[in-house]
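Numbering (this note's numbering), first residue to last: 4 to 414.
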């Protein structure tokens, strides 16, 4: 068997590399690493994990050209034979960082630096009841301590006053720009009081009764008259005197689309957006949703970064969207926006009538028909120049609408 013979040659060399890495550690650390996993306590398991990381780094840096004599020749021969089966190899599965149970006894929790202090058993926050946790080993994982399961059950317990309220408040904040509790990351005494406490309680109850499913919650909010109202109220002057901050939502709040929404909307308008689900993230520009960009803290996506996307360095409970000069320059002069304008004009190239072109373009980009003034001005713009400039004029007009407030803002 080719693979077995190859593994025998490689394993001998890898064992040597592992030994070189582990010999650098103190003897007690080496002993913890050599002990079978099922016999280690939790501290020894952590030590062994750190040693194994060093050994793995040493093995990963292996240079197979350092093999000598017959071993090197046999290794090269086996590698060539193995290449014939490359086309049969499945694609590698995506890897995720996850949590696993620590085998062995759990070290008792004490006050740091005081080894003789009383031990602490798992319990919940005093401000939320403070009762001790009932910890039982889950049947699905008999080797687990059951502590994380007990915590998860407490978090999702319908009697927990925070979980459902925090979640529905975040959803409300996304749709209305501000949560019922405006300090969405702080539901404690230092946070703000809810503007509509009964509504928050009712939404939380509905959320729980729907099995913590988000789609019914989104649907209920989006179909509400509060969400569907306009930002322009006929009695705005009077209501501004009563509620200038619009805390009671007598009109909708005008908001600019987020960075991801702008990019995805432009790709959707042109029919280029790939709605495929799952798979690995992408570092470079692609036609999938912005969700699938790989988050690289030191090299953010230029378009999203300029348009105000979070940097991924810290938690962002509220997305503060600012309008800056670099954003306007990027939208006007950026290659991505101009390419979308070209594609949009290409999609409508078969619409020869200028009025029909303008009407369809307005409907596609802004969701509304152009006014009579807008229609006439657009036709006049498209008619400027000769027929050979018609295509470029149409691209420019598509570019204009992609930069318009009607496209970039929700009102």
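The beta-carbon is built from N, C-alpha and C at its ideal position, and this holds for glycine as well.
All of these numbers come straight from a predicted model, not from anything done at the bench.
| query | result |
| --- | --- |
| Helix, strand or coil at residue 135 [DSSP, three-state] | strand |
| Through-space distance from residue 174 to residue 321, alpha-carbon basis | 11 Å |
| Span separating the alpha-carbon of residue 47 from that of residue 251 | 57 Å |
| Supposed contact pair residue 9 and residue 67 - C-beta distance, whole angstroms, cut 8 Å | Going by Cβ atoms, the distance from residue 67 to residue 9 rounds to 11 Å, so no, they are not a contact pair. |
| Chain-order list of residues whose beta-carbon lies under 8 Å from that of residue 23 (same chain, five-residue window excluded) | 61 |
| Beta-bridge partners of residue 127, as assigned by DSSP | DSSP lists no partner for residue 127. |
| Cβ separation of residue 255 and residue 233, assumed to be a contact under 8 Å, to the nearest whole Å | 6 Å |
| For residue 218 and residue 176, the rounded distance between their alpha carbons | 16 Å |
| Presumed contact (8 Å Cβ cut-off) between residue 295 and residue 285, rounded CB distance | 6 Å |
| Nearest-angstrom Cα separation, counted from residue 151 out to residue 54 | 26 Å |
| Exposure of residue 411, with buried meaning 16 or more beta-carbon neighbours within 10 Å | buried |
| Neighbourhood of residue 183 by C-beta, 7 Å cutoff - its chain only, sequence neighbours within 5 removed | 172, 175, 197, 198, 199, 202 and 203 |
| Cβ contact (3+ pairs, closer than 8 Å) linking the region 372-382 and the region 350-361 | yes |
| Residues of its chain near residue 316, where Cβ-Cβ distance is below 6 Å and the 5 sequence neighbours each way are ignored | 300 |
| Limits of the alpha helix (DSSP H) - the one that residue 402 falls within | 393-405 |
| Proximity winner among 399, 180, 189 and 187, relative to residue 414 (alpha-carbon distances) | 180 |
| Cβ contact (3+ pairs, closer than 8 Å) linking the region 329-337 and the region 388-397 | no |
| Cβ-Cβ separation, residue 311 to residue 262 (assumed contact under 8 Å), whole Å | 5 Å |
| Ordered list of alpha helix (DSSP H) runs contained in the region 188-242, each at least 4 residues | 200-212, 217-225 and 228-231 |
| Proximity of residue 113 and residue 101 at Cβ, strictly below 8 Å | no |
| Span separating the alpha-carbon of residue 157 from that of residue 140 | 15 Å |
| Three-state class that DSSP yields for residue 277 in the structure shown | strand |
| Counterpart residues of residue 112 in DSSP-defined beta bridges | 123 |
| Span of the alpha helix (DSSP H) around residue 10 | 5-25 |
| Span of the alpha helix (DSSP H) around residue 377 | 375-386 |
| Nearest candidate by alpha-carbon position, reference residue 369, set 409, 194 and 400 | 409 |
| Residue burial classification, residue 92 (beta-carbon count within 10 angstroms, cutoff 16) | exposed |
| Neighbourhood of residue 32 by C-beta distance below 7 Å, restricted to the same chain and skipping five residues each side | 50 and 54 |
| Local conformation of residue 179 per DSSP, three classes | helix |
| DSSP-derived helix/strand/coil call for residue 48 | helix |
| Contacting residues, own chain, Cβ-Cβ under 7 Å from residue 20 (five flanking each side not counted) | 61, 62 and 65 |
| Coil, strand or helix - residue 413 by DSSP | strand |
| Segment limits, alpha helix (DSSP H) that includes residue 71 | From DSSP, residue 71 is part of no alpha helix (DSSP H); its letter is neither H nor E. |
| Exposure label - residue 14; buried when at least 16 CB within 10 Å | exposed |
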